[in-house]
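K.L.:
Just dropping this structure here.
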Amino acid sequence: MYTPAATRTLRTGETLEIGAVLAPDDDHAPLVRPILAHKSHNEQWHLDEVFAGRVGPLETRFYLGRLNNRAICNIMVSEFGGIGIVSHVYTAPEYRRKGIARLVMAEQMADFNDRGGQYLTLSTGFDTHPYHLYHDFGFRSVVPESGHMKYMGNTAFETEHFRVDAARVIPGDWKHWPSLNVLCAQAGPPYLRNVGLGHIGPRMFEGAYLRMMKQTREGDDVQVRLVVTERGAVAGYATLVPDIRWRGETLLLDLTVHSAFTEQLKPLVESFALPAGRKVLCHVEPGDGPKTAALQHAGFINEAMLRHQFRSAGGTMDVEVHARYA
998 MYTPAATRTL
1008 RTGETLEIGA
1018 VLAPDDDHAP
1028 LVRPILAHKS
1038 HNEQWHLDEV
1048 FAGRVGPLET
1058 RFYLGRLNNR
1068 AICNIMVSEF
1078 GGIGIVSHVY
1088 TAPEYRRKGI
1098 ARLVMAEQMA
1108 DFNDRGGQYL
1118 TLSTGFDTHP
1128 YHLYHDFGFR
1138 SVVPESGHMK
1148 YMGNTAFETE
1158 HFRVDAARVI
1168 PGDWKHWPSL
1178 NVLCAQAGPP
1188 YLRNVGLGHI
1198 GPRMFEGAYL
1208 RMMKQTREGD
1218 DVQVRLVVTE
1228 RGAVAGYATL
1238 VPDIRWRGET
1248 LLLDLTVHSA
1258 FTEQLKPLVE
1268 SFALPAGRKV
1278 LCHVEPGDGP
1288 KTAALQHAGF
1298 INEAMLRHQF
1308 RSAGGTMDVE
1318 VHARYA
């Protein structure tokens, strides 16, 4: 479905038409896909899934700026339950420096707020032109001097979102992808979030999630789990992937939960069908009792200590390596 939003006159005198395509939409897919033809193989796969209607209840909108019926600017928002991920913000090179992205984003943000939207995340380069564009629309760095940004319509949103509630563990899906990135935007401990993905501290789970969803669909040796509350908040997640350092023969288990949901660590570990005859490694910050207990219950042992392994919280941090071989 295509919804016209506004027409704006550029400094050049050209008339910019702004509107949004809500996928799936066979009629308007040819309008969207050319402006995103430069995207990666995994991103093209995701767009295929979107336009084929295979992303479940996740809503995907493409906010377009058009000249002469050609899309020359795009902003994509993947959204569910008032939470969204902003991505694929792109203006064709020959049309840059005309304020087009700002005009399109004004309509995108107005539409998001008018529909009761509450929270958006995105990733860009810190202190770049796009960073300042997003800052002008209310986005703020998740941590100082970071291009990982969030927008909150209500300053109390995160507190309410992570209010203690009953929760369950489910396989990774598209519906909860935006809420997963709310969790990934939380600052503070634990700092060691996901070794397999290289996530130390807050980090967008965007492109890597596309890749992992594709791998799970194709039957690769990859598993993703989410801790989801009764209200639909993602309060934790875990991944099980082959460790490429060891030809994929060893597996890496990574799990992290919000501090209010540490009791979900045990069911999170138990949700995986850990294969027999393959070693599984999991990395833990020293002193993380709940995570250590959950791993020990599943048969992991503390196998090694890596001293001064990474920098965080103003210093260097050690890492424990827990292992299971059954």
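The opening position of the sequence shown corresponds to residue 998 in my numbering, with each subsequent residue numbered one higher.
For each residue, glycine too, the CB sits at the ideal point set by N, CA and C.
Under the rule that 16 or more other beta-carbon atoms within 10 Å means buried, what is A1317, buried or exposed?
P.N.:
Here residue 1317 corresponds to residue number 320 of the sequence shown, with the count starting at 1. In the sequence as displayed, the identity of residue 1317 is Glu instead of Ala. It is buried - the Cβ of E1317 has at least 16 other Cβ atoms within 10 Å.
K.L.:
Going by DSSP, what residue range makes up the alpha helix (DSSP H) through T1156?
P.N.:
In the sequence shown, residue 1156 corresponds to position 159, counting from 1. Residues F1154 to H1158.
K.L.:
Pick out whichever of T1226, I1015 and L1130 has its Cα sitting closest to the Cα of R1160.
P.N.:
For this step, residue 1160 is matched to residue 163 along the sequence shown. When each option's Cα is compared against that of R1160, the closest is T1226.
K.L.:
Counting only the same chain and skipping the five closest in sequence on each side, list residues whose C-beta sits under 7 Å from that of D1162.
P.N.:
By 1-based counting over the sequence shown, the position of residue 1162 is 165. Contacts found: T1226, E1227 and R1228.
K.L.:
Can you tell me which of the three DSSP states T1213 falls into?
P.N.:
Working through the sequence shown from its first residue, we reach residue 1213 at position 216. Residue state, collapsed to three classes: helix.
K.L.:
With which residues is F1297 paired in a DSSP beta bridge?
P.N.:
By 1-based counting over the sequence shown, the position of residue 1297 is 300. Answer is none; F1297 lacks a bridge partner.
K.L.:
Thinking E1076 and P1175 are a contact (beta carbons under 8 Å), I'd like their distance in whole angstroms, please.
P.N.:
Sequence index remark: in the sequence shown, residue 1076 carries index 79 (1-based). Sequence index remark: in the sequence shown, residue 1175 carries index 178 (1-based). Between P1175 and E1076 the Cβ distance is about 6 Å, and since that is below 8 Å, they are a contact.
K.L.:
Measuring CB to CB, does I1097 end up less than 9 Å from I1069?
P.N.:
For the purposes of this step, residue 1097 is taken as residue 100 along the sequence shown, with counting starting at 1. For the purposes of this step, residue 1069 is taken as residue 72 along the sequence shown, with counting starting at 1. Going by C-beta atoms, I1097 is nearer than 9 Å to I1069.
K.L.:
Considering just the uninterrupted stretch of the beta strand (DSSP E) at Q1220, what are its terminal residues?
P.N.:
The residue you call residue 1220 lines up with position 223 of the sequence shown. Counting along the chain, Q1220 sits inside the beta strand (DSSP E) bounded by residues Q1220 to T1226.
K.L.:
How about N1191 and T1236: do their beta carbons lie closer than 9 Å?
P.N.:
Position 194 of the sequence shown, counted from the first residue, corresponds to residue 1191. Position 239 of the sequence shown, counted from the first residue, corresponds to residue 1236. For N1191 and T1236, yes; Cβs fall inside 9 Å.
K.L.:
With a CB to CB cut of under 7 Å and the five nearest residues on each side skipped, what residues in its chain are close to H1132?
P.N.:
The sequence position of residue 1132 within the sequence shown is 135, counting from 1. For H1132, where only same-chain residues beyond five positions count, there are no Cβ hits under 7 Å.
K.L.:
Nearest by alpha-carbon distance to H1294: which of L1278, K1263, G1113 and P1168 is it?
P.N.:
Working through the sequence shown from its first residue, we reach residue 1294 at position 297. The shortest C-alpha separation from H1294 is found at K1263.
K.L.:
When the distance is taken between beta carbons, is H1145 closer than 9 Å to R1208?
P.N.:
Taking the first residue of the sequence shown as 1, we reach residue 1208 at position 211. Taking the first residue of the sequence shown as 1, we reach residue 1145 at position 148. Cβ atoms of R1208 and H1145: not closer than 9 Å.
K.L.:
Going by DSSP in three states, T1121 sits in which element: helix, strand or coil?
P.N.:
For the purposes of this step, residue 1121 is taken as the residue at position 124 of the sequence shown. Collapsing the DSSP output to three states places T1121 in coil.
K.L.:
When we look at the beta-carbon of F1123 and count the other beta-carbons within 10 Å, is it buried (16 or more) or exposed?
P.N.:
As a position in the sequence shown, residue 1123 is number 126, starting the count at 1. Answer is exposed; the Cβ neighbour count stays below 16.
K.L.:
What are the complete beta strand (DSSP E) segments, minimum 3 residues, inside the segment 1027 to 1109?
P.N.:
1056 to 1064, 1067 to 1077 and 1080 to 1088
K.L.:
Between P1283, A1310, G1114 and V1277, which lies nearest to E1246 when the distance is taken from Cα to Cα?
P.N.:
The residue you call residue 1246 lines up with position 249 of the sequence shown. When each option's Cα is compared against that of E1246, the closest is V1277.
K.L.:
Could you give the residue range of the alpha helix (DSSP H) that holds H1126?
P.N.:
By 1-based counting over the sequence shown, the position of residue 1126 is 129. Element bounds for H1126: H1126 to D1133.
K.L.:
Along the chain, which unbroken stretches of the beta strand (DSSP E) at least 3 residues long are found entirely within the segment 1259 to 1289?
P.N.:
For the segment 1259 to 1289, whole beta strand (DSSP E) runs of length 3 or above, ordered along the chain, are 1277 to 1281.
K.L.:
So V1086 packs on F1059, CB below 8 Å; how close in whole Å?
P.N.:
The residue you call residue 1086 lines up with position 89 of the sequence shown. The residue you call residue 1059 lines up with position 62 of the sequence shown. V1086 to F1059, Cβ: 11 Å. No contact.
K.L.:
Find the nearest neighbour of V1140 within the set R1275, P1001, S1120 and E1157, judged by alpha-carbon distance.
P.N.:
Numbered from its first residue, the sequence shown carries residue 1140 at position 143. For the residues R1275, P1001, S1120 and E1157, the minimum Cα distance to V1140 belongs to S1120.
K.L.:
Apart from the five residues just before and just after Y1128, which ones in its own chain have a Cβ nearer than 7 Å to its Cβ?
P.N.:
Here residue 1128 refers to the residue found at position 131 when the sequence shown is read from its first residue. The answer, listed in chain order, is T1121, G1122 and G1144.
K.L.:
Give the straight-line distance between the Cα atoms of R1093 and G1233, rounded to the nearest whole angstrom.
P.N.:
Along the sequence shown, read from residue 1 onward, the residue named residue 1093 stands at position 96. Along the sequence shown, read from residue 1 onward, the residue named residue 1233 stands at position 236. Spanning the two alpha carbons is a distance of roughly 40 Å.
K.L.:
Please report how far the alpha carbon of T1012 lies from the alpha carbon of R1005, in whole angstroms.
P.N.:
Working through the sequence shown from its first residue, we reach residue 1012 at position 15. Working through the sequence shown from its first residue, we reach residue 1005 at position 8. If I take the Cα positions, the gap works out to 6 Å.
K.L.:
For the beta strand (DSSP E) containing N1191, list its first residue and its last residue.
P.N.:
The residue labelled residue 1191 in the question sits at position 194 within the sequence shown. N1191 -> beta strand (DSSP E) spans L1189 to N1191.
K.L.:
Out of curiosity, what's the CA-to-CA distance linking D1285 and L1252?
P.N.:
In the sequence shown, residue 1285 corresponds to position 288, counting from 1. In the sequence shown, residue 1252 corresponds to position 255, counting from 1. C-alpha separation (whole angstroms): 12 Å.
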